[in-house]
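*Asks:*
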Amino acid sequence: MKVLFLVALSMIAVISLGTLAAPLEGSVTTEVVFYPQHGLIPKERREDPASKVDLIDVKFETDLVLTFSLSGLEITSTTAFTFRGVEFQSFVLSTTLGALTLRNTAIFAPTFFEFEELRDQFGRLRWCLLNAPVPLAWEACNNPDFASLPFGGGLYAHLVDPDFGVLPWHRFFGANAMHPVAQNLALARWVESLGGRLALACKAVIDIPPLLALPVEFRRNITDLSLVLGGLQLGGRMLFANLNIFNILANCRLDTVTASGVMVYLEGQTVSGVIVRGELWLGAKQGLACFGECKPLERSPNAMVTGGGLENPEEEKLYIKNLMIAGVRHDLYAEFHFDITDYGPPEGPNRFQCMIDQVDNDNDGWFAEDPLNSIDDDNDGFFDEDDWDVTSALCFVQVRQSGRIAPWGLNFQLTWNFNGQLDLLSAVGITELRIGEITAQSTWVFWSSAQQAFTGGLSRLGIALDPPGVKLALSAVFCTDATLCRAPNIHQIALLPPIARYELGLTAATGMFSLSGLVLVECNYWELNIDLSATMGQVTLLSSTILLEDLLAGQRFALIVRF
396 MKVLFLVALS MIAVISLGTL AAPLEGSVTT EVVFYPQHGL IPKERREDPA
446 SKVDLIDVKF ETDLVLTFSL SGLEITSTTA FTFRGVEFQS FVLSTTLGAL
496 TLRNTAIFAP TFFEFEELRD QFGRLRWCLL NAPVPLAWEA CNNPDFASLP
546 FGGGLYAHLV DPDFGVLPWH RFFGANAMHP VAQNLALARW VESLGGRLAL
596 ACKAVIDIPP LLALPVEFRR NITDLSLVLG GLQLGGRMLF ANLNIFNILA
646 NCRLDTVTAS GVMVYLEGQT VSGVIVRGEL WLGAKQGLAC FGECKPLERS
696 PNAMVTGGGL ENPEEEKLYI KNLMIAGVRH DLYAEFHFDI TDYGPPEGPN
746 RFQCMIDQVD NDNDGWFAED PLNSIDDDND GFFDEDDWDV TSALCFVQVR
796 QSGRIAPWGL NFQLTWNFNG QLDLLSAVGI TELRIGEITA QSTWVFWSSA
846 QQAFTGGLSR LGIALDPPGV KLALSAVFCT DATLCRAPNI HQIALLPPIA
896 RYELGLTAAT GMFSLSGLVL VECNYWELNI DLSATMGQVT LLSSTILLED
946 LLAGQRFALI VRF
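Per the numbering used here, residue 396 is the first one in the sequence shown, and the count goes up by one each step.
Dropping the structure here:
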């Protein structure tokens with residue numbers, strides 16, 4: 396009954412809003428997700444069809460987005476409702492005054508999470524949960540980040556989900572993220588478990604309600620300014636955060652913690668089209684802040700606050716884009732950390748602000764694969780021979796080259812990753828060949844090896860057929876991760892990488908209907924994602940199905956109304 400009441404209330408709101416004046420526009424998204432009750436379906440009963448349909452829970456959500464425009468001023472309100480009431484709300488005010496552009500975002504929510512963007516020892520982008528209102532366990536990062544640690548160069552901060560298993564944060568925020576419904580369910584269950592963990596720790600002192608049942612309070616204010624002067628763009632971002640946390644060591648007291656930071660930048664473009672941009676981060680980092688259940692609607696990029704303001708320089712970044720040399724486009728990204736102090740313990744691994752090792756202590760072509768911890772981390776029979784050392788403010792450099800070989804119709808992209816001493820850490824090459832309606836693509840990954848050279852491997856091979864209205868794609872993903880496919884240790888990479896996963900995708904559209912499907916096959920695990928949608932004017936009906944090898948992990952029905 397509660398679901399029907401909230402759906403009816405949402406529809407009444409849409410009908411009422413649709414009668415208002417033209418300056419108001421927006422959308423209402425109402426969705427219901429069915430998923431299995433965990434702990435009530437033993438593994439041996441998952442083959443019983445009755446267990447898969449009657450032991451379910453229901454997740455309800457309505458997202459309301461309203462935009463009001465008047466005389467150059469635009470105000471947008473975004474609100475997420477669940478069974479517990481308001482889970483997230485933001486107000487965005489934006490305007491332009493001549494050459495000055497202003498945008499201010501105020502965010503209110505019962506919870507907050509801050510994820511720092513980091514690079515592992517191979518230069519890959521990863522995320523580390525740094526701040527949350529509750530104690531953290533495996534969700535936080537291994538620090539420091541050593542290349543020898545399994546599953547991604549040490550940055551294996553993750554959550555554990557009863558259906559989808561172990562999920563590193565790049566499965567939510569990276570380029571190859573999971574299906575939105577899978578993200579929604581996994582994050583919601585994780586936030587609920589955090590509340591249970593906190594309630595258990597504080598049970599003898601105070602009763603704490605679930606995290607999402609806490610009062611909605613001010614969490615963050617983000618102000619963006621940009622000014623165009625003589626072809627140069629000068630801008631900045633000012634951040635103010637409420638980082639209230641439960642202090643377990645102080646009788647579960649709710650400590651009020653506020654922090655502020657700023658990012659300033661200068662950007663310009665030459666006559667030839669080359670774009671140069673410099674950024675200085677003070678009391679802030681290039682990370683992700685999210686609220687509520689951390690769904691896409693509740694995320695704010697580049698909004699992580701460390702505090703200290705002007706007295707805490709965190710990062711400086713340099714971007715050079717669209718530099719054309721011999722018909723090949725070159726893009727450069729450089730990251731600087733001016734604090735090179737070792738914050739590590741006297742008898743333990745070094746710890747630096749820069750997360751990428753710069754000294755190959757044992758001269759074997761690998762970096763930080765065996766830190767000072769009395770453990771043979773790389774399984775080579777030696778102990779503590781390569782700790783984490785930073786000697787230069789320059790932390791990371793990435794050069795990307797892209798172009799097209801016209802006679803062959805071949806597109807290519809090469810990405811080179813370097814540490815602060817300009818030692819080559821890894822490289823990724825992507826080629827794409829298109830003939831008519833058929834496209835073939837390959838991805839090659841190269842790691843630094845024990846011979847001071849490269850160990851290369853085919854990372855992905857795919858082919859796609861896309862006649863009008865339909866696209867069919869098949870890909871094989873190979874295990875080229877140096878920390879997973881080692882035989883028998885990190886210094887001996889298998890010459891022929893095994894196939895780790897197959898992917899088969901289908902998209903089609905005709906008239907008002909569209910279909911999208913993806914099949915993932917990985918060893919004994921397989922997953923099927925199906926999305927169906929129908930659009931009639933301003934109304935869209937959506938169905939999403941997440942099917943695993945032994946159960947229906949999630950079924951979403953959604954109604955989207957735009958006005």
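For every residue, glycine included, the Cβ atom is placed at its ideal position computed from N, Cα and C.
1. Do the CB positions of Val659 and Ile715 come within less than 8 Å of each other?
2. So Ser769 is in the alpha helix (DSSP H); what residue range does that whole segment cover?
3. Given this structure, state the Cα-to-Cα distance separating Ile410 from Val956, to the nearest angstrom.
4. So for Glu780, helix, strand or coil by DSSP?
5. Would you check if the distance between the CB atom of Arg479 and the CB atom of Ala581 is smaller than 8 Å?
6. What is the rounded straight-line gap between the Cα of Thr875 and the Cα of Arg829?
7. Any contact between the segment 516 to 525 and the segment 555 to 575? By contact I mean 3 or more CB pairs, one from each, below 8 Å.
8. Is Thr506 near the ligand COA, going by C-beta to nearest heavy atom under 7 Å?
9. What does the alpha-carbon distance come out to for the pair Arg514 and Gly722?
10. Within this structure, are the beta carbons of Ala948 and Asp558 separated by less than 8 Å?
11. Between Leu999 and Gly631, what straight-line distance do the alpha-carbon atoms span, to the nearest angstrom?
12. Between which two residues does the beta strand (DSSP E) harbouring Leu915 extend?
13. Tell whether a beta-carbon distance below 8 Å holds between Gln753 and Val792.
14. Give me, in chain order, the residues of the same chain whose beta-carbon lies closer than 7 Å to that of Ala904; leave out the 5 immediate sequence neighbours on both sides.
15. Does DSSP classify Leu853 as helix, strand or coil?
16. Could you check where the alpha helix (DSSP H) with Pro575 kicks off and where it finishes?
17. Which value, in whole angstroms, describes the spacing of the CA atoms of Leu942 and Leu927?
18. DSSP three-state label for Gly704, please.
19. Rounding to the nearest angstrom, what Cα-Cα distance links Thr457 and Phe483 in this structure?
20. Assign Pro545 to buried or exposed, taking buried as 16 or more other Cβ atoms, counted over all protein chains shown, within 10 Å of its Cβ.
21. From the DSSP output, in three-state form, read off Phe400 for me.
22. Give the DSSP-derived three-state secondary structure of Thr618 in the structure shown.
23. Compare the C-alpha of Val460 against each of Thr424, Ser695, Leu789 and Asp757 and name the closest.
24. Buried or exposed for Tyr920, please, with buried defined as at least 16 other CB atoms from any protein chain shown within 10 angstroms of its CB.
25. Distance check for Tyr728 and Leu492, CA to CA, integer angstroms please.
26. List in chain order: all unbroken alpha helix (DSSP H) runs of 4+ residues lying wholly within the segment 429 to 517.
27. Once DSSP output is grouped into helix, strand and coil, what is the label at Glu709?
28. Do three or more CB pairs link the segment 687 to 698 to the segment 621 to 629 at distances below 8 Å?
29. Quick one: complete beta strand (DSSP E) runs, 3+ long, within the segment 624 to 682?
30. According to DSSP, is Ala552 part of a helix, a strand, or is it coil?
31. When DSSP builds the beta bridges, which residues end up paired with Tyr897?
32. Would you call Asn758 buried or exposed, if buried means 16 or more other Cβ atoms sit within 10 Å of its Cβ?
33. Could you check whether Pro766 and Pro740 sit closer than 8 Å to each other, using their CB atoms as the reference points?
34. Measuring CB to CB, does Glu509 end up less than 8 Å from Met633?
35. Going by DSSP, what residue range makes up the beta strand (DSSP E) through His725?
*Replies:* In brief:
1. With contacts defined by Cβ atoms closer than 8 Å, Val659 and Ile715 do not form a contacting pair.
2. In the DSSP assignment, Ser769 falls outside any alpha helix (DSSP H) and carries neither an H nor an E.
3. Here the model assigns Ile410 a pLDDT of 46, short of 50, so the residue's position is not dependable and the matter cannot be decided.
4. If DSSP states are grouped into helix, strand and coil, Glu780 belongs with coil.
5. The answer is no: Cβ separation not under 8 Å.
6. Their Cα atoms are separated by approximately 25 Å.
7. Judged by Cβ distances under 8 Å, the segment 516 to 525 makes contact with the segment 555 to 575, as three or more pairs qualify.
8. As far as ligands go, the structure on display features none, and thus does not contain the ligand COA.
9. Straight across, the Cα-Cα distance linking Arg514 with Gly722 is about 30 Å.
10. Going by C-beta atoms, Ala948 is nearer than 8 Å to Asp558.
11. Outside the modelled stretch of the chain, which goes from 396 to 958, sits residue 999, for which no answer is possible.
12. Unbroken beta strand (DSSP E) run through Leu915: Phe908 to Glu917.
13. No Cβ-Cβ contact shorter than 8 Å links Gln753 with Val792.
14. Taking C-beta separations shorter than 7 Å and ignoring five residues to either side along the sequence, the partners of Ala904 in its chain run Gly864, following chain order.
15. If DSSP states are grouped into helix, strand and coil, Leu853 belongs with the strands.
16. First-last of the alpha helix (DSSP H) with Pro575: Pro575 to Ala596.
17. Straight-line spacing of the CA atoms in Leu942 and Leu927 works out to 14 Å.
18. Look at Gly704 here: in three-state DSSP terms it is helix.
19. In a straight line, the C-alpha of Thr457 is about 11 Å away from that of Phe483.
20. In this prediction, Pro545 has a pLDDT of 40, which is less than 50 and means its spatial position is unreliable; what the coordinates show is noted afterwards. Exposed is the call here.
21. Interpretation of Phe400 is limited by its pLDDT of 45, a score under 50 that renders its predicted location unreliable; no figure is taken from the coordinates.
22. Three-state DSSP puts Thr618 in a strand.
23. The shortest Cα separation from Val460 among Thr424, Ser695, Leu789 and Asp757 belongs to Thr424.
24. Residue environment analysis places Tyr920 among the exposed positions, since fewer than 16 neighbouring C-beta atoms fall within 10 angstroms of its C-beta.
25. Distance between the alpha carbons of Leu492 and Tyr728 is about 32 Å.
26. Runs found: 446 to 449.
27. Reduced to three states, the DSSP call for Glu709 is strand.
28. They do not touch, by the three-pair rule.
29. Given a length threshold of 3 residues, each whole run of the beta strand (DSSP E) inside the segment 624 to 682 is given here in chain order: 627 to 637, 640 to 642, 648 to 650, 653 to 664 and 670 to 677.
30. Coil, per DSSP.
31. In DSSP, Tyr897 forms a bridge with Ala871 and Val916.
32. Around the beta carbon of Asn758, a 10 Å sphere encloses fewer than 16 other beta carbons of the protein chains shown; the residue is thus reported as exposed.
33. No.
34. No. Outside cutoff.
35. For His725, the uninterrupted beta strand (DSSP E) segment begins and ends at Val723 to Phe731.
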